[in-house]
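Counting from 1, position 47 in the sequence shown corresponds to residue 602 in the numbering used here; the numbering is continuous, with no gaps.
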Amino acid sequence: MKVMIRRTGAGLSAYIPKKDLEEPIVKLEKEALWGGAVTLKNGWRLVLPDLPRDTPLPITVEARKISDED
């Protein structure tokens, strides 16, 4: 699924256009963000692609949903 990752005043946020859903990222599997899973405030876990650490935000990437706890 397409996911836009951006930095807000409160931290990182993920926007899923197909669902018209924006949620804060509350947990990172990898400190560098890329190449690992992130957990959204609603419980969704998404695996992000492996990109360079200095990739500028905002960016739209193809992510894979691995769990849905809501």
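No residue lacks a Cβ here, since even glycine has one placed at the ideal position from N, Cα and C.
Nearest neighbour of ARG608 by Cα position, chosen from ILE571, LYS585 and GLU578, turns out to be LYS585. Counting C-beta atoms within 10 angstroms of its own C-beta, ALA618 has 16 or more neighbours from the protein chains shown and is therefore classed as buried. In the structure shown, LYS574 adopts helical secondary structure according to DSSP, grouped into three states.
For GLY591, the closest of PRO611, THR610 and LEU603 by C-alpha to C-alpha distance is LEU603. Annotation for ALA565: PRO579 place their beta carbon closer than 7 Å to its own, counting only its chain and skipping 5 residues before and after.
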